[in-house]
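**Q** In terms of our numbering, the sequence shown is residues 8 to 317.
Using N, Cα and C, we set each Cβ at its ideal position, and we do this for glycine too.
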Amino acid sequence: MDRRKVILDCDPGHDDAVNIMLAGRSPKLEVLGITVVAGNQTLEKTALNALKVVEHLGLDLKVYKGCPQPMVREKQTSAEIHGESGLDGPVFAPLRGKIEDKHAVSYLVETLMASDGDITLVPTGPLTNIAMAMRMEPQIIPKIKEIVLMGGCYQLGNVTPAAEFNIYVDPEAAHVVFSSGVPLVMVGLDVTRKVQCYPSVVERMRSIGTKAAHLFADMMEFFNKTQKEVFGWEGGPLHDPVTCAYLIDPSVLTVKEMYSEIDHFGGQSYGRTNCDYFGQSDKEPNSKVAIDIDVEKFWDIIEEGIRNYS
Ligand code: BDR
Ligand code: CA
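1) Between which two residues does the alpha helix (DSSP H) containing Ser207 stretch?
2) Considering only residues of the segment 34-94, which uninterrupted alpha helix (DSSP H) runs meet the minimum length of 4 residues and lie entirely inside it, listed in chain order?
3) Is Asn56 a contact residue of ligand 2, with contact defined as CB to any heavy atom under 8 Å?
4) Quick one: is Phe272 buried, meaning 16 or more other Cβ sit within 10 Å of its Cβ, or exposed?
5) Nearest to His89 by CA position, among Pro77, Val70, Pro34, Ala45, is which residue?
6) Could you give the DSSP three-state label for Ser258: helix, strand or coil?
7) Does the segment 19-31 come within contact of the segment 237-257, defined as at least 3 CB pairs closer than 8 Å?
8) Tell me whether the beta-carbon of Ala30 lies closer than 9 Å to the beta-carbon of Val43.
9) Which term fits Gly132, buried or exposed, when burial requires 16 or more other beta carbons within 10 angstroms of its beta carbon?
10) By Cβ distance, which residues of its chain are closer than 8 Å to Lys150, with the 5 residues on each side in sequence left out?
11) Are Gly312 and Met78 touching if we call contact CB-CB under 9 Å?
12) How big is the Cα-Cα spacing for Glu228 and Tyr253?
13) Could you please give the first and the last residue of the uninterrupted beta strand (DSSP E) stretch that includes Lys12?
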């Protein structure tokens with residue numbers, strides 16, 4: 008079976024870490040590398056978190072450190088959800104390896120330029136690295152097969168009524184990516200809020216009994232605690248893994264083609280993804296926006312992803 012080549016661009020982050028776990032041993036995906044950006048925590052922390060997850064799971068994957076701050080805005084983190092380390096909860100062994108010397112943006116440019124146009128980018132953090140790579144070498148744009156990103160919403164935001172965290176942190180970068188012409192799948196809060204990781208789900212996964220299963224459960228127990236404090240939910244929405252779940256089995260999502268653009272003008276709705284759900288503009292769709300998710304199928308995909316680790 009042909010495995011789909013992906014690069015995970017992330018800011019771990021509990022749900023980013025689960026996405027690494029899901030993709031890392033999937034027979035449907037070939038992870039070429041992990042690029043990291045500042046977002047849920049500082050770049051130093053998110054990069055170390057990515058490496059910790061990779062080593063804990065025994066994955067043979069390189070981690071590249073990218074941009075430490077957004078293109079224009081001041082840096083913002085999400086410590087109230089992900090904790091001081093950005094991945095509070097589980098206990099990790101001391102690191103054995105190290106982060107690659109090459110900058111993530113250079114890695115993206117070099118890897119895409121050398122490719123046959125068969126690489127899918129999976130950003131689950133602010134889009135700074137991807138936008139910087141597009142600006143550094145515009146010739147990568149036609150080389151990108153597709154971008155399947157977690158970010159945005161056509162309904163309500165989670166940082167402001169209008170905006171979702173990943174887009175809000177770097178709206179200018181999101182604008183570069185959304186207007187690039189690359190085929191885009193936007194996996195936004197509209198669907199990720201439907202996959203709430205209730206304690207019953209945590210127990211279901213923990214009972215698999217492996218190291219990966221315990222990592223999942225330890226992370227989700229912390230994540231659920233902060234999600235309850237901040238949003239009042241019993242189960243935190245497992246946003247980022249919806250991207251790779253979709254790549255593993257596209258039938259998990261219902262998507263609708265829409266023209267989407269980013270409000271990067273700095274007003275009340277700064278960072279909003281304006282998605283033309285009803286086709287009221289005369290603009291050609293530039294994105295497939297996720298509008299529904301098969302929740303049961305999603306948890307089955309997550310369980311299978313954990314079971315891929317022995
Ligand atoms: C997004 O924000 C981050 O906190 C999560 O990791 C996810 O990528 C959800 O808005
Ligand atoms: Ca993330």
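**A** This is what the structure holds:
1) Mapped onto the sequence shown, residue 207 falls at position 200. For Ser207, the enclosing alpha helix (DSSP H) covers residues 206-213.
2) Complete alpha helix (DSSP H) runs here, min 4: 50-63, 86-89.
3) For the purposes of this step, residue 56 is taken as the residue at position 49 of the sequence shown. No.
4) To locate residue 272, count along the sequence shown from 1; it is residue 265. Burial call: exposed.
5) Residue mapping note: residue 89 aligns to position 82 of the sequence shown, counting from 1. It is Ala45 whose Cα lies nearest to the Cα of His89.
6) Counting from one through the sequence shown, the residue named residue 258 turns up at place 251. Here Ser258 sits in helix by DSSP.
7) yes
8) To locate residue 30, count along the sequence shown from 1; it is residue 23. To locate residue 43, count along the sequence shown from 1; it is residue 36. No, the Cβ-Cβ distance between Ala30 and Val43 is not below 9 Å.
9) Within the sequence shown, numbered from 1, the residue matching residue 132 stands at position 125. Buried.
10) Taking the first residue of the sequence shown as 1, we reach residue 150 at position 143. These residues qualify, in order along the chain: Leu119, Met120, Ser122, Gly124, Ile126.
11) Start at 1 with the first residue of the sequence shown, and residue 312 comes out as number 305. Start at 1 with the first residue of the sequence shown, and residue 78 comes out as number 71. Result no, Cβ atoms of Gly312 and Met78 do not sit closer than 9 Å.
12) For the purposes of this step, residue 228 is taken as residue 221 along the sequence shown, with counting starting at 1. For the purposes of this step, residue 253 is taken as residue 246 along the sequence shown, with counting starting at 1. Straight-line Cα distance between these residues: approximately 24 Å.
13) Locating residue 12 in the sequence shown gives position 5, where the first residue counts as 1. 11-17 is the extent of the beta strand (DSSP E) around Lys12.
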